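Written out below as structure tokens is the structure these notes cover.
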Amino acid sequence: MLRRLLPVLLAGLFVTQAHAGLFDDEEARARINAMRNELSSRIDKLEASARAQLELANQIEQLKTEIARLRGENEVLANDLANANKRQKDFYVDLDNRLRKLETTPAGDTPPQPPAATVDPAAESRDYETALTQLRGGKYKEAATGFNSFIKNYPNSSFQPNAHFWAASALYQQKDNIGAAEHYAKVASQWPDDSRAPDALLGLASTQQARNDNVAATRTLEKLLAKYPSSSAAQIAKQRLKK
0 MLRRLLPVLL AGLFVTQAHA GLFDDEEARA RINAMRNELS SRIDKLEASA RAQLELANQI
60 EQLKTEIARL RGENEVLAND LANANKRQKD FYVDLDNRLR KLETTPAGDT PPQPPAATVD
120 PAAESRDYET ALTQLRGGKY KEAATGFNSF IKNYPNSSFQ PNAHFWAASA LYQQKDNIGA
180 AEHYAKVASQ WPDDSRAPDA LLGLASTQQA RNDNVAATRT LEKLLAKYPS SSAAQIAKQR
240 LKK
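In terms of numbering that gives the first Met the number 0, the sequence shown opens at residue 0 and continues consecutively.
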């Protein structure tokens, strides 16, 4: 009897062990799959976070560049206003000296006559400052008209380079890229040693990019880097060329 039951008992024990081994394998695979899914989810989250951080870093860099440009333009505007005020004060000092000489001129003597077509420094400073104030106030159309009138009325003014530059800026704000490009190009070609020349090339590149002429814009930026490598405009040009 025992001999007949022994094979049956052994077979039953083998089947039980086999089921137990199969259950262990399935549980292990389930755990591995769960770990894989969790790891994949974590990786996806990390990648999304990295992309968000990279995008934020790019936005911060663009903001820094824009702030640097605006800060530079603000400094130039402040300097222009200071120069205009100084010229106006110098004019009044010169006028006062002339009046004093006239007062001390002996009777019968003919006072010296000013040369013909003498430009009034006070009017020159006033017209320039008026256009500059309009530009700072966001009145771009009025500013462009004012600077163009200044350019025409005071062709020998020392403010000519800046007048062309700010006329270009006012036109660019109105999306008149062709008109702005003409003024920017004139500053860069006619006054290459002026402090506004590097910024004029940068502005010219902006008008070219706005017209989707990327080849011309790249050439202009490369020219800016080659000619004025130490300028703040050149640093902005480097960033644009990387894009």
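We put the CB at the ideal spot given by N, CA and C, even for glycine.
For clarity, every value in this text was computed on a predicted model and none was experimentally measured.
Check                                                                                                    : Outcome
Helix, strand or coil at Lys174 [DSSP, three-state]                                                      : coil
First and last residue of the uninterrupted alpha helix (DSSP H) at Ser148                               : Tyr139 to Asn152
C-beta atoms of Ala236 and Leu223 nearer than 8 Å                                                        : yes
Which of helix, strand or coil DSSP assigns to Val118                                                    : coil
Residue range of the unbroken alpha helix (DSSP H) whose run includes Asn213                             : Asn213 to Lys226
Residue nearest to Ile150 in terms of C-alpha spacing, selected from Pro120, Leu170, Asp198 and His163   : His163
Three-state class that DSSP yields for Pro191 in the structure shown                                     : coil
Inter-residue Cα distance where the pair is Arg239 and Asn161                                            : 24 Å
Buried versus exposed call for Gln58 [16 or more other C-beta atoms within 10 Å across all chains shown] : exposed
Ala130 beta carbon less than 8 Å from that of Ala142                                                     : yes
Neighbour-count burial assignment, Gly145, 16 or more Cβ in a 10 Å radius                                : buried
Three-state secondary structure assigned by DSSP to Gly202                                               : helix
Ser124, DSSP secondary structure in three states                                                         : helix
Three-state class that DSSP yields for Arg239 in the structure shown                                     : helix
CB contact flag (Thr219, Ala204, <8 Å)                                                                   : yes
Cβ-based neighbour list, Ala169, same chain, cut-off 7 Å, excluding 5 preceding and 5 following          : Leu134, Tyr139, Ala142, Ala143 and Phe146
Three-state secondary structure (DSSP) of Ala233                                                         : helix
Pairwise C-alpha distance: Ser124 and Val92                                                              : With a pLDDT of 48 at Val92, under the threshold of 50, the modelled position of that residue is not reliable, and the figure given next carries that caveat. Cα to Cα, Val92 sits roughly 15 Å from Ser124.
Status (buried if at least 16 other CB within 10 Å, exposed otherwise) for Pro191                        : exposed
Cβ neighbours of Gln172 in the same chain (closer than 7 Å, five flanking residues each side left out)   : Tyr139
Spatially closest choice to Ser252 from Asp119, Lys174 and His182, by CA coordinates                     : Beyond the ends of the chain as shown, which are 0 and 242, falls residue 252; an answer cannot be given.
Integer Cβ distance of Ala179 from Gly202, believed to fall under 8 Å                                    : 7 Å
Three-state secondary structure (DSSP) of Ser40                                                          : helix
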